Amino acid sequence: MKPVLNNYITQRALLVFSRVFSGQPLRAFLTKINQCKLLLLLGLLITGNPIRSQADTIKVVTFAAFYDQIKANHPVVRQAALLPKQAQQELRIARGNFDPQAISYYDRKNFKNQLYYENWNSMVKVPLWFGADLKAGYERNKGVNVNPEEKTPASGLTYAGISLPIGQGWLIDQRRATLRQAQLLINAAEADKIKIINKLLLEASKDYWDWVLAYQRWQLYQTAYNLSEVRYRGVSERARYGDLAAIDTVEARVDLINRQQLLQQSLTEFQNSGLIVSNYLWTPDQNPVELVSSAVPAFNESDLTLIPADTLQQLFRFAQENHPDLIKLGYKYKQLEIERRLAADKFKPKLNLEYNFLRQDFGLLVEQLNSTYFLNNYKLGVSFNYPLLLRSERGKWQLTRYKLTETDLALTQTQRDITTALQTTYNELQMLAAQIKTQETLVSQADILRRGEQTRFENGESSLFLVNTREMNVINQNVKFWELKTKYVKSIAFLYWSAGNMDHLE
44 MKPVLNNYIT QRALLVFSRV FSGQPLRAFL TKINQCKLLL LLGLLITGNP
94 IRSQADTIKV VTFAAFYDQI KANHPVVRQA ALLPKQAQQE LRIARGNFDP
144 QAISYYDRKN FKNQLYYENW NSMVKVPLWF GADLKAGYER NKGVNVNPEE
194 KTPASGLTYA GISLPIGQGW LIDQRRATLR QAQLLINAAE ADKIKIINKL
244 LLEASKDYWD WVLAYQRWQL YQTAYNLSEV RYRGVSERAR YGDLAAIDTV
294 EARVDLINRQ QLLQQSLTEF QNSGLIVSNY LWTPDQNPVE LVSSAVPAFN
344 ESDLTLIPAD TLQQLFRFAQ ENHPDLIKLG YKYKQLEIER RLAADKFKPK
394 LNLEYNFLRQ DFGLLVEQLN STYFLNNYKL GVSFNYPLLL RSERGKWQLT
444 RYKLTETDLA LTQTQRDITT ALQTTYNELQ MLAAQIKTQE TLVSQADILR
494 RGEQTRFENG ESSLFLVNTR EMNVINQNVK FWELKTKYVK SIAFLYWSAG
544 NMDHLE
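In the working numbering, the protein residues as written are 44 to 549.
Quick look at the structure:
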């Protein structure tokens, strides 16, 4: 449709010039340059695309390049990448609870050349996964004031044994719960990372398309201003030679000033939107990048591709399995389930059994390892502890249950919110696609009205005011056309963000 309209505009423009500027005094004014200029401007009323010479040095910033630059160098992306690494260190900390420990204690008192006591106890403790602790050590206690039950032979005693919980802590304890939660934290941190990056990319996409809209609006208003400027010069020349009333020059001048204001405002908006876009650009060594003054955004008509219904169903399935909010809530629920098991374990009594076999020296022959030896050389201990009211334990267990219920409800609500957001955004895309087609028709119809009003003006049946009004209507319809286009591509970005899959926009 557009090539036909452009050819028609060219023919009509030649006819307009032949009629309007047919006076002998004005032929010198209508140089070949001005004729070409007006023809180009009339063509831009329909196409809305800037026509530039080969000498122009325009740097086009495509959306794909802009997108890749953000993912590669933006500080927020790098900060988000630290979350899984931090979770790895949390896991290392949790695993540290199972590290073997070397423990030594030495205490000596000597007064007036008399040894009151000298106590020395050194051991190695190895925590086991099922809650027990292996111990092996050396103990030597001597002196006149040493408790008789703690006295050892002069050479000391070696011992080895095990400390075993057979009540609370047998199935799960704090260190095992912490480790399992830390393992889940890695996956939750990865979901957090994706969520942060997706949010950044969504905002960047919106700002880029706002930049596109500001650029196209500026181009349209530039075209409108240039056209009004050429018309003002022509009307002034005609009024000077008596072909038009002097009041028409006032009308042309008012229209020129109005369009100049629109042009200045649109230029400022374009420059400001470019500054906002440049905030997303960074070098690999974290230096900010400023867009050059000649940088302009790009828009491809392929960006307006319709989203089929089967793609929506694929996004539904992807969101249910991979949306970072759902993943994070899922791992939070698993962490709380571990916390609930630990709280339930607290209802059991603390019943710990400790056994150590003793040896006077460090050597131990294999033939000495028999039941008689273990029954005659040992240290045995049993401890029991049980709170009678269990108020703390019951409170902790009930609180964890409430948190589980809260998380489960949040998971259900988030699933519904995601589904609703996908469906409503898809419906909006369908509506916008229909509006874009309708608006394209409105643009062409508005130009037909403009051409008709121009013909009437040439025949003396209309006024310059109506011609300007029709012309600005074409400009405004083109601006609305671009508003619908950019709103459509922003809605596509929001659709994939709602599914948690911003990588599709690459």
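No residue lacks a Cβ here, since even glycine has one placed at the ideal position from N, Cα and C. A quick note: this is a predicted structure, and the numbers were derived from the prediction, not measured.
(1) Pick helix, strand or coil for LYS185, following the three-state DSSP scheme.
(2) Whole angstroms is fine: what's the gap from PRO93's alpha carbon to LEU310's?
(3) Label LYS533 either buried or exposed according to how many other C-beta atoms from any shown protein chain fall within 10 Å of its C-beta, with 16 as the threshold for buried.
(4) Are the stretch 145-152 and the stretch 105-125 touching, with three or more C-beta to C-beta distances below 8 Å?
(5) Are ALA489 and ASN516 close, meaning C-beta to C-beta below 8 Å?
(6) Going by C-alpha to C-alpha distance, which of TYR539, LYS530, ARG360 sits closest to ALA257?
(7) Can you tell me whether ALA540 is buried or exposed? The criterion is at least 16 other CB atoms within 10 Å of its CB, across all chains shown.
(8) So is THR455 buried or exposed if we call it buried at 16+ other beta carbons inside 10 Å?
(9) Count the other CB atoms, across all protein chains shown, that sit within 10 Å of the CB of LYS24; report buried if there are 16 or more and exposed otherwise.
(10) Count the C-beta pairs between the stretch 170-187 and the stretch 259-272 that are closer than 8 Å, then say yes if the count reaches three, no if not.
(11) Could you give the distance in angstroms between the alpha-carbon of PHE537 and the alpha-carbon of HIS547?
(12) Hey, VAL320 and ASP250 are a contact pair by Cβ (cut 8 Å); roughly how many whole angstroms apart?
(13) Alpha carbons only, please: which of GLN303, LEU287, GLU483 is nearest the one belonging to ASN521?
(14) Apart from the five residues just before and just after GLN97, which ones in its own chain have a Cβ nearer than 6 Å to its Cβ?
(15) Does ASP14 pass the burial test, meaning 16 or more other C-beta atoms within 10 Å, or should it be called exposed?
(16) Under the DSSP definition of a beta bridge, which residues are partnered with GLY424?
(17) DSSP beta-bridge partners for ASN153?
(18) What residue does the alpha helix (DSSP H) around ILE319 start on, and which one ends it?
(19) Look at LEU243 and ILE113 and say whether their C-beta atoms are less than 8 Å apart.
(20) Roughly how many angstroms separate the alpha carbons of ARG499 and GLN357, rounded to a whole number?
(21) Counting only the same chain and skipping the five closest in sequence on each side, list residues whose C-beta sits under 6 Å from that of GLU133.
(22) Please report how far the alpha carbon of SER337 lies from the alpha carbon of VAL103, in whole angstroms.
(23) Going by DSSP in three states, THR348 sits in which element: helix, strand or coil?
(24) Could you check what DSSP says for ALA338 in three-state terms: helix, strand or coil?
(25) If you count every other CB in all the chains shown that lies within 10 Å of the CB of ALA362, and 16 or more means buried, which is it?
(26) Just how far apart, CA to CA, sit ILE350 and TYR469?
(27) Roughly how many whole angstroms lie between the Cα atoms of PRO68 and VAL335?
(28) So for TRP213, helix, strand or coil by DSSP?
(29) Going by C-alpha distance, which of ILE205, LYS371, SER279, ARG281 is nearest ALA232?
(30) For LYS194 and GLU397, what's the separation of their Cα atoms in angstroms?
(31) Between ASP150 and the rest of its own chain, which residues show a CB-CB distance below 6 Å, the 5 nearest in sequence each way excluded?
(32) Note down the Cα distance separating ASN428 from ALA387, rounded to an integer number of angstroms.
(33) Measure the C-alpha to C-alpha separation of LEU485 and GLN497 and round it to an integer number of angstroms.
(34) Using only CA atoms, which one of VAL255, THR221, ASN190 lies nearest to THR105?
(35) In the DSSP assignment, what residue or residues form a beta bridge with VAL169?
(36) Please return the same chain residues whose Cβ sits closer than 6 Å to the Cβ of PHE390, not counting the five positions on each side in sequence.
Reading off the structure:
(1) In the structure shown, LYS185 falls within a strand segment according to DSSP collapsed to helix, strand and coil.
(2) In this prediction, PRO93 scores a pLDDT of 44, lower than 50, which makes its location untrustworthy; no coordinate-derived value is stated.
(3) Under this definition LYS533 is a buried residue.
(4) Contact between the stretch 145-152 and the stretch 105-125 is absent, because fewer than three Cβ pairs lie under 8 Å.
(5) The beta carbons of ALA489 and ASN516 sit closer together than 8 Å.
(6) Ranking TYR539, LYS530, ARG360 by Cα distance to ALA257 puts LYS530 first.
(7) One point to set straight first is that residue 540 is Trp, not Ala, in the sequence displayed. It is buried - the Cβ of TRP540 has at least 16 other Cβ atoms within 10 Å.
(8) THR455 is exposed by the Cβ-count criterion.
(9) Only positions 44 to 549 of the chain appear in this structure, which leaves residue 24 out of reach.
(10) Contact between the stretch 170-187 and the stretch 259-272 is absent, because fewer than three Cβ pairs lie under 8 Å.
(11) In this structure, the CA atom of PHE537 is about 12 Å from the CA atom of HIS547.
(12) About 6 Å separates the beta carbons of VAL320 and ASP250, which is inside the 8 Å limit, making them a contact pair.
(13) Closest by C-alpha distance to ASN521, out of GLN303, LEU287, GLU483, is GLU483.
(14) With a pLDDT of 36 at GLN97, under the threshold of 50, the modelled position of this residue cannot be trusted, and the question is left open.
(15) Look at the range of the chain in this structure, 44 to 549, and you will see that residue 14 is not part of it.
(16) In DSSP, GLY424 forms a bridge with GLU397.
(17) Residue pairing of ASN153 in beta bridges, as defined by DSSP: LEU158.
(18) For ILE319, the enclosing alpha helix (DSSP H) covers residues 289-321.
(19) Their beta carbons are under 8 Å apart, which means LEU243 touches ILE113 by this criterion.
(20) So the two alpha carbons sit approximately 55 Å from each other.
(21) Cβ within range, chain order: ALA225, LEU228.
(22) Answer to the nearest angstrom: the Cα atoms are 8 Å apart.
(23) If DSSP states are grouped into helix, strand and coil, THR348 belongs with coil.
(24) DSSP places ALA338 in strand when its eight states are reduced to three.
(25) Taking all protein chains in view, the Cβ of ALA362 is crowded by 16 or more other Cβ atoms within 10 Å, so the residue is classified as buried.
(26) Straight across, the Cα-Cα distance linking ILE350 with TYR469 is about 8 Å.
(27) Caution is warranted here: a pLDDT of 39 is assigned to PRO68, below 50, making its placement in the model unreliable, and the coordinate value is therefore given only provisionally. Cα to Cα, the separation comes out at about 46 Å.
(28) It is coil, neither helix nor strand.
(29) Residue LYS371 is the option with its Cα nearest to ALA232.
(30) LYS194 and GLU397 have their C-alpha atoms some 20 Å from each other.
(31) Excluding sequence positions up to five before and after ASP150, its CB lies within less than 6 Å of the CB of ASN162, all in the same chain and listed in chain order.
(32) Roughly 16 Å separates the two Cα atoms.
(33) In a straight line, the C-alpha of LEU485 is about 18 Å away from that of GLN497.
(34) It is VAL255.
(35) Looking at the DSSP assignment, VAL169 forms a beta bridge with LEU177.
(36) GLU436, listed in sequence order.
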